[in-house]
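> First residue of the sequence shown: 470, per the working numbering; consecutive thereafter.
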Amino acid sequence: MIFIAGCLILKNVPAQEMTMDECMEFAVENSITVGKQKNNLDNAKMSYKEAIAALFPSVQANVSASTNFGRSIDPETNSYTTVSTFGNSYSLSASMPLFAGLRYVNDIRAAKVARERGYSELQIARDKVAMEVMKAYTDVLYYKGCVKIAEEQLSASRKTLYQAQRLYELGKKSAAEVAEVAAQEANYDYLLTEQQNNLAIAWIKLREAMNYPLDSHLEIADSINGLVYTQAASIEDILEYAAANNAQITSSALAVKESKIRYARAKAEWFPRISLSAGINTNYYTNFENKAAYPAFSSQFKNNMGEYVGVSMSIPIFSNLSRKAAVRSSRNAMRNAELEFKATRNAVESEIVQAYNRMNGYGKLYGQALKKVEATQLAYKGVSSKFGKGLVTAIELQVAATELLQAKSDCLRSRLQFMIEKRMVDYYSGIPFVQAER
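1) Whose CA, out of Cys492, Tyr517, Ala762, lies closest to the CA of Glu727?
2) Once DSSP output is grouped into helix, strand and coil, what is the label at Met565?
3) List, from N- to C-terminal side, the alpha helix (DSSP H) runs of 4 residues or more that fit wholly inside the segment 725-783.
4) Who are the near neighbours of Glu654 in its chain, counting only those whose CB is closer than 8 Å to its CB and skipping five residues on each side?
5) Give the range of the beta strand (DSSP E) segment to which Ser535 is assigned.
6) Counting along the chain, where does the alpha helix (DSSP H) carrying Gly570 start and finish?
7) Would you identify the three-state DSSP class for Leu687, choosing helix, strand or coil?
8) If you follow the alpha helix (DSSP H) that Asn789 is in, where does it begin and where does it stop?
9) Note down the Cα distance separating Tyr468 from Asn537, rounded to an integer number of angstroms.
10) Here's the rule I'm using: 16 or more other beta-carbon atoms within 10 Å means buried, otherwise exposed. How should Ile784 be labelled?
11) Would you tell me roughly how many angstroms separate the C-alpha atoms of Glu890 and Ser878, rounded to the nearest one?
12) Do Met980 and Phe495 have their CB atoms nearer than 8 Å?
13) Can you give the Cα-Cα distance for Glu872 and Leu708, rounded to whole angstroms?
14) Please classify Gly775 as buried or exposed, where buried requires at least 16 neighbouring CB atoms within 10 angstroms.
15) Name the two residues that bound the continuous alpha helix (DSSP H) containing Gln665.
16) If distances are taken between C-alpha atoms only, which option among Gln837, Asp895, Phe902, Ala870 comes closest to Arg882?
17) Output the distance between the C-alpha atoms of Tyr659 and Asn667, rounded to the nearest integer angstrom.
18) With the cut-off set at 8 Å, would you say Gly556 and Ser535 are in Cβ contact?
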């Protein structure tokens, strides 16, 4: 049983190498936050159906039975008697609103807007999870690259140390220079260990962001899509598209619309309510001591039947200022929603402009970083060759090695930062992280 349960838990865990898109899809599918938002959306759908159903008649049936012992009132003569009696009644009633100051109509409109807002909130939750995974994914790639760079530098440093020791044996290098190279080799060994620890932490954070089982193997693809530096759409086109389609702006706009309907709903409480009701009822009565004196059940059930139809109107006059307070509260909620919409729109527009500029900046930095890596690689090879001939000191070799290490790290960082910002610009341009659900 334990084995079967384990298999069921891990049924969504892929065994093959996962791309960033696949990691985001897995995270969204297994996210607790997204799951809760789906439940909220389901509640919104049910509230919409409930608001529509409020316009239909409500029907109820009632059945009652009672028996009297000792002194009681005879229902036929309306006088006191001491006999034991039994009686029961049956009724079927229905009622429906005819006019309520558009309360029910506004409830339906508000519930419909809340349902649409639920879809936007769900998409926001999905996007946030995808963004977290994208960042965690690129962190793993960055530290994997750092580990690889550190391994290469450590390997090169060990070769240099071996070379320095040989030169020392030949009398071409001093003990101090050999010690300097040995210290450099130890430093790269320490750096490798540090980057390996950073990579281990990055893996943990990626699993957490994906809600991936910590005791299951996870492997991601080293290749990254979207690194071709191409000109994106104009910033004006991106802003225009986001203003009409971004989930955060859409949700905030729907919140304003819903608050306006709630405000109208609150003002409708000042109007009278008119409702229609109708029903049918009958009853049965008997005397335990003289049952023959009363008609049979079927006869009474038929003969005692009655019907009624009625119209009632409720006019609000005074309710301890509750209606006035409700109107003012809903008006303030509407104003807050309008202010929140402006803040959300400005925040999204600001993020779009920043992401667009960062994408262009990191794209240029990445191109420059590639050239810098090529130049520092050639410089390091030249210094290393001279060191082998005894023409440069160990300090000069260490400086060249450090510059190469920094250049490779900067190139990797700008490469990944460009990828993130380009993906963000694509997102605001209409390319979702994960396809939306409807």
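Backbone N, C-alpha and C fix where the C-beta goes; we use that ideal spot for every residue, glycine too.
Every value quoted in this text rests on a predicted model; they were computed, and no experiment measured them.
According to the data block:
1) Tyr517
2) strand
3) 766-772
4) Leu623, Ser626, Arg627, Thr629, Leu630
5) 527-537
6) Looking at the DSSP string, Gly570 is not in any alpha helix (DSSP H), and its letter there is neither H nor E.
7) coil
8) Taken as a continuous stretch (DSSP letters only), Asn789 belongs to no alpha helix (DSSP H), as it is neither H nor E.
9) In the structure displayed, the chain extends from 470 to 907; residue 468 sits before or after that span and is not available.
10) exposed
11) 18 Å
12) Nothing can be reported for residue 980: it is not among the residues displayed for the chain, which extend from 470 to 907.
13) 40 Å
14) exposed
15) 644-679
16) Gln837
17) 12 Å
18) yes
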